[in-house]
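Worksheet: the structure to be examined is printed underneath.
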Amino acid sequence: MTTLMEMLSPDFLLREALYGSLLLGMVCPLAGIYLVLRRMVLFGIALPQISSAGIAFAYLLPTFGLHLFPHEVPERAMALTGSLTFTCIATITLVMVAQRGGTLNDAYIGSAYAAAAALSILFVASNPFGEQEILSRLRGELLGMLPKDLPLLMGITGVVTACLLYFQRIFTLVSFDPDTATTIGKSVPGWNFFLFALIGTLIAYGVILGGPLMIFGFLLLPAIAAHQITMHYAWNMSKLSLLAAMLGGLSSLIGFYLSLRFDLPLGPTDVVAAFGVLMLTTAWTQITKRKQ
Numbered sequence: 086m087t088t089l090m091e092m093l094s095p096d097f098l099l100r101e102a103l104y105g106s107l108l109l110g111m112v113c114p115l116a117g118i119y120l121v122l123r124r125m126v127l128f129g130i131a132l133p134q135i136s137s138a139g140i141a142f143a144y145l146l147p148t149f150g151l152h153l154f155p156h157e158v159p160e161r162a163m164a165l166t167g168s169l170t171f172t173c174i175a176t177i178t179l180v181m182v183a184q185r186g187g188t189l190n191d192a193y194i195g196s197a198y199a200a201a202a203a204l205s206i207l208f209v210a211s212n213p214f215g216e217q218e219i220l221s222r223l224r225g226e227l228l229g230m231l232p233k234d235l236p237l238l239m240g241i242t243g244v245v246t247a248c249l250l251y252f253q254r255i256f257t258l259v260s261f262d263p264d265t266a267t268t269i270g271k272s273v274p275g276w277n278f279f280l281f282a283l284i285g286t287l288i289a290y291g292v293i294l295g296g297p298l299m300i301f302g303f304l305l306l307p308a309i310a311a312h313q314i315t316m317h318y319a320w321n322m323s324k325l326s327l328l329a330a331m332l333g334g335l336s337s338l339i340g341f342y343l344s345l346r347f348d349l350p351l352g353p354t355d356v357v358a359a360f361g362v363l364m365l366t367t368a369w370t371q372i373t374k375r376k377q
């Protein structure tokens, strides 16, 4: 109870980290529901790892004398550039394969995940100065979030949320009925790229703050839990989005409390909390089905 009251206090020392965790917990599921509904769950796991490889690559470049930014530019800007670049390449590849009628099956996505994980390790191993930095990214650094980081996170999550909600009907149409979308004059490749660019931008910055484990946990677990409930009650996309955001926010609050209470790393604790919420919703839907 003392820990909970401390979290609710206006003078809470880690309030930026709490707000950041809550924002990621609520916004990531809004993007994740499209991966779940498109049956691209593995892509939601691979993309944060690809983003992480971009961060490791960005930290490796200066060791070869390649400085993309002046020395006074913060390291986080360099990491964000690498993360966005690798994520953008993966997103463009996805859209190009889909546009040509190809199937981006689990084998290719799994191969991309394995390659990205291996490259991350190799980039870190080749960098005598970056090992500790990359390892901290993998664990998640939201507890060390600075006040100056919060406005940018609020801006990114705000824009992504606004776009996902405003263009929800079009995103849903091009996801499930691309032929009809083409008939009424919508550019399916263009809208697909826009959707995955939003998801990629969210992942790219989220990985820098929380690490890949936290991000793909928030992307998928609350979305899967919400999908189970909406399938049971035949709810529409708007209710699915609202429920996914609520479950993600709940998971982030539970994870933050457990992390603070038991001195645990925040990223893994958030994922375990989200998994616990998923198990509870699964059990609840199964019980209600048997009663009918």
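The sequence shown maps to residues 86 to 377 in our numbering.
Just so you know, even glycine gets a beta-carbon here, dropped at the ideal spot from N, CA and C.
The Cβ atoms of S94 and F341 lie no closer than 8 Å to each other. For T354, the enclosing alpha helix (DSSP H) has its first and last residue at 351 to 376. By the Cβ neighbour-count rule, V356 is buried, with 16 or more other Cβ atoms within 10 Å of its own. Taking 8 Å as the cut-off, the beta carbon of I118 is found no closer than this to the beta carbon of S323. Contact between G333 and P114 holds, with the beta-carbon distance rounding to 4 Å and staying under 8 Å. Straight-line measurement puts the Cα of M316 at about 12 Å from the Cα of Q371. Restricting attention to R346, T373, L304, the CA atom closest to the CA of M111 is found in L304.
Assignment of E226 by DSSP, reduced to helix, strand and coil, places it in the coil class.
The beta carbon of H312 is closer than 6 Å to those of V121 in its chain, skipping five residues each way along the sequence. Contact between L179 and V245 fails: their C-beta atoms lie close to 18 Å from each other, not under 8 Å. Between E101 and P307, the C-beta spacing is not below 8 Å. DSSP places R123 in the coil class of the three-state scheme, outside both helix and strand. Assignment of I269 by DSSP, reduced to helix, strand and coil, places it in the coil class. Contact between S205 and A141 holds, since their C-beta atoms are separated by about 5 Å, short of 8 Å. When C-alpha distances from F278 are compared across L207, F256, G291, L345, the shortest belongs to F256. Within the same chain, L258 come within 8 Å of T265 by CB-CB distance, once the 5 residues on both sides are set aside. A direct Cα-to-Cα measurement between I300 and L132 gives close to 10 Å.
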